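**Student:** One structure, pasted below without further comment.
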Amino acid sequence: GAVVSQHPSWVICKSGTSVKIECRSLDFQATTMFWYRQFPKQSLMLMATSNEGSKATYEQGVEKDKFLINHASLTLSTLTVTSAHPEDSSFYICSALEEFVSGNTIYFGEGSWLTVV
Amino acid sequence: GIQVEQSPPDLILQEGANSTLRCNFSDSVNNLQWFHQNPWGQLINLFYIPSGTKQNGRLSATTVATERYSLLYISSSQTTDSGVYFCAPGGTGFQKLVFGTGTRLLVSP
Numbered sequence: 380g381a382v383v384s385q386h387p388s389w390v391i392c393k394s395g396t397s398v399k400i401e402c403r404s405l406d407f408q409a410t411t412m413f414w415y416r417q418f419p420k421q422s423l424m425l426m427a428t429s430n431e432g433s434k435a436t437y438e439q440g441v442e443k444d445k446f447l448i449n450h451a452s453l454t455l456s457t458l459t460v461t462s463a464h465p466e467d468s469s470f471y472i473c474s475a476l477e478e479f480v481s482g483n484t485i486y487f488g489e490g491s492w493l494t495v496v
Numbered sequence: 013g014i015q016v017e018q019s020p021p022d023l024i025l026q027e028g029a030n031s032t033l034r035c036n037f038s039d040s041v042n043n044l045q046w047f048h049q050n051p052w053g054q055l056i057n058l059f060y061i062p063s064g065t066k067q068n069g070r071l072s073a074t075t076v077a078t079e080r081y082s083l084l085y086i087s088s089s090q091t092t093d094s095g096v097y098f099c100a101p102g103g104t105g106f107q108k109l110v111f112g113t114g115t116r117l118l119v120s121p
């Protein structure tokens, strides 16, 4: 089946630095990808919808200058957490939409654990 | 926005037991999915079920869209069923999936 890969799986960075997380659809093209954030023992919260070749659509309350999303190709979306702070520590998950005439299917990446120290 | 509540929040089962997980949502939806998040964080699609009933092995799901709820049945539970189960209703084409509060399941041997 279709696979979505995230990299890195784990990352530790210092406060004030930026960190990039990649989301790749390995065997299909994804015009649309989604980025979620999950705090420990909580649900997933949609951060933004990433559209290939255009600007991402951010959910209310998500700082677009803080969480930069780039969807430069049909198989890659990146999330950059800029000037990271300890409160940005979280589990970040992407998903990619595989579109068919008969209907769509969504696949999730393995997630990326970010720890800001 | 749509509110999604799942019950029970936590569930402990002996291996072999059956269980029913419930998802209530506050608005009509075009799409509803059930996911299993394993202990390592990976989300696995279980069912796409905006209405009706589907079965896949020991799992089955029913959504009654007119009454705004969905049920996930797990029969003959196994330790590998442990993890968190989320329902996620949303709009057409998987846009704007809103994840529920989750049910944390622990199946003990």
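From first to last, the protein sequence lines stand for chains A and B. Under my numbering, residue 496 is the last one in the first sequence; the count climbs by one each step, no gaps. Under my numbering, residue 121 is the last one in the second sequence; the count climbs by one each step, no gaps. From the three backbone atoms N, C-alpha and C, an ideal C-beta is built for every residue, glycine too. Remember, it's a predicted structure, so these values are computed and weren't measured experimentally.
(1) What are the residues that DSSP puts in a beta bridge with G95/B?
(2) Just checking: is the beta-carbon of T113/B within a distance shorter than 8 Å of some beta-carbon in chain A?
(3) Going by C-alpha distance, which of K399/A, I391/A and S422/A is nearest V460/A?
(4) For the stretch 82 to 96 of chain B and the stretch 481 to 494 of chain A, state whether three or more C-beta atom pairs, one from each stretch, are separated by less than 8 Å.
(5) Between A463/A and S422/A, which are expected to be in contact by the criterion C-beta below 8 Å, what is the C-beta distance as a whole number of angstroms?
(6) So the candidates are I24/B, G13/B, Q107/B and N36/B; which of them puts its Cα closest to the Cα of Y81/B?
(7) Less than 7 Å between C-beta atoms, sequence neighbours within five positions excluded: which residues of the same chain meet that for G28/B?
(8) Quick check on DSSP: helix, strand or coil for A73/B?
(9) Closer than 9 Å between beta carbons: that is the criterion. Which residues of the stretch 54 to 84 of chain B meet it against chain A?
(10) Ends of the beta strand (DSSP E) at F127/B?
(11) Do the CB positions of A497/A and A475/A come within less than 8 Å of each other?
(12) Closer than 9 Å by beta-carbon distance: list the chain A residues that pair up with F98/B, in chain order.
(13) What is the DSSP secondary structure of D22/B, counted as helix, strand or coil?
(14) Spatial neighbours of N30/B within its chain, please: CB distance less than 6 Å, with the 5 preceding and 5 following residues excluded, ordered by chain position.
(15) If N42/B and T104/B are in contact, beta carbons under 8 Å, what's the gap, nearest whole angstrom?
(16) Nearest CA to the CA of V383/A: which residue from P121/B, Y85/B and L55/B?
(17) Using a Cβ-Cβ cutoff of 9 Å, what residues of the stretch 454 to 476 of chain A are near chain E? List them in chain order.
(18) Using DSSP bridges, identify the partner residues of M412/A.
(19) Assuming P121/B contacts T91/B under a Cβ cut-off of 8 Å, what Cβ separation, rounded to an integer in Å, is found between them?
(20) For T494/A, collect the residues of the same chain with a Cβ closer than 6 Å to its Cβ; drop the 5 residues on either side in sequence, then sort them by chain order.
(21) Who are H48/B's beta bridge partners in DSSP?
(22) Exposed or buried, which one is T78/B when buried takes at least 16 other CB atoms within 10 Å?
(23) Which residues, in order along the stretch 399 to 421 of chain A, keep a beta-carbon less than 7 Å from a beta-carbon of chain B?
**Tutor:** Result, derived from the coordinates:
(1) As a first step, residue 95/B is located in the second sequence; it is residue number 83 there, counting from the start. DSSP lists L117/B as partners of G95/B.
(2) As a working note, residue 113/B is residue 101 in the second sequence. So yes, T113/B belongs to the interface.
(3) Taking the first sequence and counting its residues from 1, one reaches residue 460/A at position 81. Taking only the C-alpha atoms, the option nearest V460/A is K399/A.
(4) no
(5) The residue given as residue 463/A occupies position 84 in the first sequence. The residue given as residue 422/A occupies position 43 in the first sequence. 23 Å between Cβ atoms; not a contact.
(6) Along the second sequence, one-based indexing puts residue 81/B at 69. When each option's Cα is compared against that of Y81/B, the closest is N36/B.
(7) Looking up residue 28/B in the second sequence gives position 16. Within the same chain, G28/B has close Cβ partners S88 and S89.
(8) Mapped onto the second sequence, residue 73/B falls at position 61. Looking at A73/B - three-state DSSP - the assignment turns out to be strand.
(9) Q54, L55, I56, N57 and Y60
(10) The structure shown has nothing for residue 127/B, since chain B only spans 13 to 121.
(11) Residue 497/A is absent from the structure shown; chain A starts at 380 and stops at 496.
(12) The residue you call residue 98/B lines up with position 86 of the second sequence. Near F98/B (Cβ distances below 9 Å), the residues of chain A are S422 and L423.
(13) Position 10 of the second sequence holds residue 22/B. Note: D22/B maps to strand in three-state DSSP.
(14) The residue labelled residue 30/B in the question sits at position 18 within the second sequence. So the qualifying residues of the chain are S87.
(15) Your numbering for residue 42/B matches position 30 in the second sequence. Your numbering for residue 104/B matches position 92 in the second sequence. Contact flag correct, Cβ pair sits at about 5 Å.
(16) The residue you call residue 383/A lines up with position 4 of the first sequence. Checking every option, the nearest Cα to that of V383/A belongs to L55/B.
(17) Any reference to chain E falls outside this structure, whose protein chains are A and B.
(18) For this step, residue 412/A is matched to residue 33 along the first sequence. Note: M412/A sits in a beta bridge opposite S429/A and A475/A.
(19) The residue you call residue 121/B lines up with position 109 of the second sequence. The residue you call residue 91/B lines up with position 79 of the second sequence. With 8 Å as the limit, P121/B and T91/B qualify as a contact, their Cβ atoms being about 6 Å apart.
(20) Translated into positions along the first sequence, residue 494/A becomes position 115. Counting only Cβ-Cβ distances below 6 Å, and skipping sequence neighbours, we find I391 and S468.
(21) Translated into positions along the second sequence, residue 48/B becomes position 36. I56/B and Y97/B, per the DSSP bridge assignment.
(22) Here residue 78/B refers to the residue found at position 66 of the second sequence. By the 10 Å Cβ count, T78/B comes out exposed.
(23) Contact residues of the stretch 399 to 421 of chain A toward chain B are absent (C-beta to C-beta distance below 7 Å).
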